[in-house]
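**Q** Following my numbering, the numbering of the sequence shown begins with 973 at its first residue and continues without gaps.
Ideal Cβ placement from N, Cα and C applies to all residues, glycine included.
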Amino acid sequence: MKTFRCVCGNNLHFENTRCLVCERQLGFAVDRLQLLALEPVTEDLWRDAAVHAGQGHYRLCRNYAEQHVCNWLVAENDTEPYCQACRLNDTVPDLTHPENHLLWLRTESAKRRLLYTLYRLRLPLQGRDADNTRGLAFQFLASREPAEFNDAVDEQQVMTGHNQGVITINVAEADPVQRTVMREKMGEQYRTLLGHFRHEIGHYYWYVLHTTPSLLTDYRQVFGDERRNYSRALADYYQQGAPKQWPVSYISAYASAHPWEDFAETFAHYLHMVDTLDTAYDYDFAIRGKSFSAPLVNSGTAQLTSDARCKSSFDDMLRDWVSLTLVMNSLNRSMGLRDAYPFAITATISDKLRFVHRIIGRY
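#1: Do L1097 and L1086 count as a contact pair if the criterion is CB distance below 7 Å?
#2: Tell whether a beta-carbon distance below 7 Å holds between L984 and L1007.
#3: Comparing alpha-carbon positions, which option in Q1212, Y1210, Y1313 lies nearest T1248?
#4: Since V1194 and D1323 should fall inside the 8 Å C-beta cutoff, what is the C-beta to C-beta distance between them, to a whole number of angstroms?
#5: Consult DSSP for L1005 and reduce its assignment to one of helix, strand or coil.
#6: Taking only runs of the beta strand (DSSP E) that begin and end inside the region 1251 to 1334, which ones reach a length of at least 3 residues, in chain order?
#7: Quick one: give me the first and last residue of the alpha helix (DSSP H) that V1153 is part of.
#8: Please confirm if the region 1315 to 1331 is in contact with the region 1239 to 1247, defined as three or more CB-CB distances below 8 Å between the two stretches.
#9: What is the rounded straight-line gap between the Cα of S1221 and the Cα of Y1191?
#10: Would you mind reading off the limits of the beta strand (DSSP E) that contains H1134?
#11: Using 8 Å as the cut-off, can you tell me whether the region 1295 to 1310 makes contact with the region 1257 to 1266, which would need three or more C-beta pairs spanning the two stretches below that distance?
#12: How many Å lie between R1084 and A1057 at the Cα?
#13: Are the region 993 to 1002 and the region 1099 to 1111 in contact at 8 Å, needing three or more beta carbon pairs?
#14: For L1060 and F1110, which I take to be in contact (beta-carbon distance under 8 Å), what is that distance rounded to the nearest angstrom?
#15: Would you call the CB atoms of T1079 and A1146 closer than 7 Å?
#16: On a CA-only basis, which of C1055, A1037, C978 is nearest D945? Give me that one, please.
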């Protein structure tokens, strides 16, 4: 994730809606992948304060102007009231419960971070309006009022998951207390809202890509045969747990449940790597004088289809990642916090990540 700069020189961050120095309104322009400082043109139109007048106007996304859960822009000539992130929403939580608005805000923020990385990786991304069969859609649902959400195994609970292009997120995952309760009950080392999005988008991309015969053959060599009965495999996992030696072959215990889950967990982990390394590179991060390679590179054009691609070789990326995570964990321990990165990458796991790197690099 890059940082951005206001026309006044102040550093801006991806979620910002106003510059704290010059107080300009801010908005993210997806056609340029830039957070812009805005100047009003009319009551409803804005322009980039850094360019000359007449070089493109924008409207605020309806969820920005009315609900204040978004900070993305809509191009003036786009007839849609919602930005490219919000128009992927199929369902939002019941806002008659005030607690759901804050949870929805946090959920939208994580979703936009996911989409930013997907755009920079040039991965195919279209909604149900463009492809009713394989298009992407999000459902953000609440099982009940968040204050009452205490039972991590409630049968009436909304289940986070993916089904034929539709990703469902239980907005209770946006409550850090409830998420911690769930993580402890599930015996997980790591559980974040953004991690859920990255895992489920892994399922989505396998759903989009799995019909390619040559890719399917390679996939089975790396992850195993996905034709195993999925429901039975999950039932076995929840009854028996992961095999004792799972850390040798899987990035998480849950990845051992079935090849589909292994791919989704690995895909999510790859996005963790790319985004965190991109952040470190943007800050000109170096360890003992050695700078990092750029995991992504801008092409110098504003077009989404050619804005960025994987630049580093996988070996370079992995070497930088191991160095960075050692530092991250050491810094957290110095503050008395849990390890930021409670994972270990073995040779087998590295091969799985390399597979994801290779298929993403095709775009």
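**A** Inspection of the coordinates gives the following:
#1: By one-based count along the sequence shown, residue 1086 stands at place 114. By one-based count along the sequence shown, residue 1097 stands at place 125. The answer is no: Cβ separation not under 7 Å.
#2: Here residue 984 refers to the residue found at position 12 of the sequence shown. Here residue 1007 refers to the residue found at position 35 of the sequence shown. Cβ distance < 7 Å, so L984 and L1007 count as in contact.
#3: Walking along the sequence shown from the start, residue 1248 turns up at place 276. Measuring from the Cα of T1248, the nearest candidate turns out to be Y1313.
#4: Numbered from 1 along the sequence shown, position 222 holds the residue referred to as residue 1194. Numbered from 1 along the sequence shown, position 351 holds the residue referred to as residue 1323. That pair is a contact at about 6 Å.
#5: Along the sequence shown, read from residue 1 onward, the residue named residue 1005 stands at position 33. In the structure shown, L1005 falls within a coil segment according to DSSP collapsed to helix, strand and coil.
#6: If we require 3 residues or more, the beta strand (DSSP E) runs fully inside the region 1251 to 1334 come out as 1268 to 1270, 1280 to 1282.
#7: Here residue 1153 corresponds to residue number 181 of the sequence shown, with the count starting at 1. From DSSP, the alpha helix (DSSP H) with V1153 extends over 1148 to 1158.
#8: Pairwise C-beta distances place the region 1315 to 1331 in contact with the region 1239 to 1247, as three or more of them are shorter than 8 Å.
#9: Here residue 1221 corresponds to residue number 249 of the sequence shown, with the count starting at 1. Here residue 1191 corresponds to residue number 219 of the sequence shown, with the count starting at 1. It is roughly 15 Å from the alpha-carbon of S1221 to the alpha-carbon of Y1191.
#10: Your numbering for residue 1134 matches position 162 in the sequence shown. 1133 to 1135 is the span of the beta strand (DSSP E), which, as asked, contains H1134.
#11: Taking a cut-off of 8 Å for Cβ pairs, the region 1295 to 1310 and the region 1257 to 1266 touch, as three or more such pairs fall below it.
#12: As a working mapping, residue 1084 is identified with position 112 in the sequence shown. As a working mapping, residue 1057 is identified with position 85 in the sequence shown. Each residue's alpha carbon lies about 7 Å from the other.
#13: Short answer: they don't touch.
#14: Reading the sequence shown from its first residue, position 88 is the one you call residue 1060. Reading the sequence shown from its first residue, position 138 is the one you call residue 1110. Between F1110 and L1060 the Cβ distance is about 5 Å, and since that is below 8 Å, they are a contact.
#15: Start at 1 with the first residue of the sequence shown, and residue 1079 comes out as number 107. Start at 1 with the first residue of the sequence shown, and residue 1146 comes out as number 174. It is a contact, given that the beta carbons lie within the stated cut-off.
#16: Nothing about residue 945 can be reported from this structure: the residues present for the chain run from 973 to 1335 only.
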